[in-house]
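Numbering (the numbering used here), first residue to last: 3 to 286.
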Amino acid sequence: MPEMPLIFREISAMRQKVAQWRAAGETVALIPTMGALHAGHVSLVEASRAHARRAIVSIFVNPTQFAPNEDFSAYPRTFDADLAKLAEVGCDGCFAPTPGEMYPQGFSTQVIPGGPALAGLEDRFRPDHFAGVAQVVAKLLNQAQADCAFFGEKDFQQLAVIRRMAADLDMSTRIFGVPTRRETDGLAMSSRNVYLTAPERALAVTLSRVLRASAETIKAGAPVNEVVARASREIEAAGFALDYFEARNADSLAPAASLADGPIRLLVAARLGKTRLIDNWAVE
Ligand code: PAF
């Protein structure tokens, strides 16, 4: 039976343990999540092993990053199964605060990210989302005082927002991005995939298939705008409501019109029934 991670409900308890580890010369990684853990999250813990001796996964479904019309109350909450997965991967700690611990009475500080948060991708469809993400991630980084923190590349714009915020606010925790973990057919792993019906799940693979083919075509020299237009048509023809399919510079997220504007990252967001899926692919 694998050893269960230490569970911290309070910031002070986590801080005390992190301080002990650090006093013993051990480095600490933080992996912020909203739970409903899958192999993608497990790969973040595994990636942290190359950089830190100890790993803490935080599980907090952060209300401030959901719009009123989004799935905050329906978001999957699977704490016991999450803990079992963390034990399996040898995670040392799980920080699972209550909303009151994170946002006590009187809480009133906003974090308003700029730069990549205004790139015209997710922010066009979820205008307050990155302010909520930046707020909670700033808090988590301050709370844990970890040496490094790990985020999935699947939320590519989010990763850029967090990198920018950590640099701008002189945060000492090093931010790492980890490549997206995929199902065997190529669908990017996501806690929201559980919302897909069986026919939607079969269709969902279209996104990664079109992304990969588009990346290869661009790499082979096809005009970026033509490839993007064709990919958008293909995704809509498959039955998705497309929010965007864009070619961007992977570092700045500025629009990329040709290979010279690269390194290019293709990014897509599309809705299938009630589920909104995002994914991205490097042109390399
Ligand atoms: O990517 C997520 O799961 C969340 O946005 C994060 C980074 C844990 C903040 O709540």
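Virtual Cβ for every residue (Gly too), placed ideally from N, Cα, C.
Mapping DSSP to helix, strand and coil, what is Asn64? Annotated three-state conformation of Asn64 is coil, per DSSP.
How far does the alpha helix (DSSP H) with Asn227 in it extend, from its first residue to its last? Boundaries of the alpha helix (DSSP H) harbouring Asn227: Val226 to Ala239, taken from the DSSP string.
Nearest to Leu120 (by Cα), restricted to the options Ser110, Gly241, Thr111 and His131: Its Cα nearest to that of Leu120, the residue His131 stands out among Ser110, Gly241, Thr111 and His131.
Determine the contact status of Glu236 and Val212, defining contact as a CB-CB distance below 8 Å. In this structure, Val212 lies closer than 8 Å to Glu236 by Cβ.
If you follow the beta strand (DSSP E) that Thr277 is part of, which residue opens it and which one closes it? Start and end: Thr277 to Ala284.
Taking 7 Å as the cut-off, does the CB of Pro181 come closer than this to any heavy atom belonging to the ligand PAF? With a cut-off of 7 Å, the C-beta of Pro181 is classified as distant from the ligand PAF, since no heavy atom of the ligand falls inside that distance.
Where do the ends of the alpha helix (DSSP H) carrying Phe97 lie? No alpha helix (DSSP H) holds Phe97; the beta strand (DSSP E) holding it covers Gly95 to Phe97.
Residues near Ala114 by beta carbon distance below 7 Å, same chain, minus five either side: In the sequence as presented, Ala is not what sits at residue 114; that position holds Ile. For Ile114, where only same-chain residues beyond five positions count, the Cβ hits under 7 Å are Ala133.
Going by alpha carbons, who is nearest to Asp157 out of Lys19, Ala15, Glu5 and Ile280? Considering only Lys19, Ala15, Glu5 and Ile280, the residue with the shortest C-alpha distance to Asp157 is Ile280.
What separation, rounded to the nearest whole angstrom, lies between the Cα atoms of His43 and Arg79? The straight-line gap from Cα to Cα measures roughly 15 Å.
Bridge partner(s) assigned by DSSP for Arg250: Bridge partners of Arg250: Pro257 and Arg267.
Which complete alpha helix (DSSP H) runs does the stretch 177-234 hold, if anything under 4 residues is left out? Taking only runs of at least 4 residues, the alpha helix (DSSP H) segments lying wholly in the stretch 177-234 are 200-206 and 208-221.
Between Ala41 and Met16, what straight-line distance do the alpha-carbon atoms span, to the nearest angstrom? Rounded to whole angstroms, Ala41 and Met16 show a C-alpha spacing of 25 Å.
Hey, could you find the ends of the beta strand (DSSP E) Leu2 is sitting in? Since the first and last residues shown for the chain are 3 and 286, residue 2 lies out of range.
Round the Cβ separation of Gly241 and Asn251 to the nearest angstrom and send it over; I've been treating them as touching at under 8 Å. About 30 Å; that fails the 8 Å criterion.
Could you tell me which uninterrupted beta strand (DSSP E) segments, each at least 3 residues in length, are contained entirely in the stretch 108-169, listed from first to last along the chain? Correct list: 150-154.
Taking the alpha carbon of Arg203 as the reference point, which residue from Arg278, Ala21 and Glu5 has its own alpha carbon closest? For Arg203, the closest of Arg278, Ala21 and Glu5 by C-alpha to C-alpha distance is Arg278.
Once DSSP output is grouped into helix, strand and coil, what is the label at Leu88? Of the three classes helix, strand and coil, the one that applies to Leu88 here is helix, per DSSP.
Touch test, the stretch 64-71 against the stretch 134-143, Cβ-Cβ under 8 Å, three pairs minimum: The stretch 64-71 and the stretch 134-143 touch, with no fewer than 3 CB-CB distances between them shorter than 8 Å.
Should the stretch 179-191 be called in touch with the stretch 253-261, which here means at least 3 C-beta pairs below 8 Å? No, they do not touch.
Give the single residue among Ala26, Arg273, Cys93 and Ala83 whose Cα lies nearest to the Cα of Ile58. When the alpha-carbon of Ile58 is set against those of Ala26, Arg273, Cys93 and Ala83, the nearest one is in Cys93.
Work out the CA separation of Ala259 and Pro106 for me, nearest whole Å. Taking the straight line joining both Cα atoms gives about 46 Å.
Would you kindly work out how many angstroms separate the C-alpha atoms of Ala83 and Met36, rounded to a whole number? In a straight line, the C-alpha of Ala83 is about 13 Å away from that of Met36.
Name the residue from Val20, Ala76 and Pro7 whose alpha carbon lies nearest to the alpha carbon of Val196. Residue Ala76 is the option with its Cα nearest to Val196.
Going by CA-CA distance only, name the one from Gly27, Thr208 and Ala89 that's closest to Glu5. Of the candidates Gly27, Thr208 and Ala89, the one whose C-alpha sits nearest the C-alpha of Glu5 is Ala89.
Spatial neighbours of Arg128 in its chain, beta-carbon cut-off 7 Å, leaving aside the 5 residues before and after: Once the five neighbours on either side are set aside, the close Cβ partners of Arg128 are Ala69.
Which residue or residues does DSSP assign as beta-bridge partners of Met30? Residue 30 is actually Val in this sequence, not Met. Answer is Arg56, bridged to Val30.
According to DSSP, which residues form a beta bridge with Thr35? Bridge partners of Thr35 according to DSSP: Ile61.
Span of the alpha helix (DSSP H) holding Arg24? Boundaries of the alpha helix (DSSP H) harbouring Arg24: Ile13 to Ala25, taken from the DSSP string.
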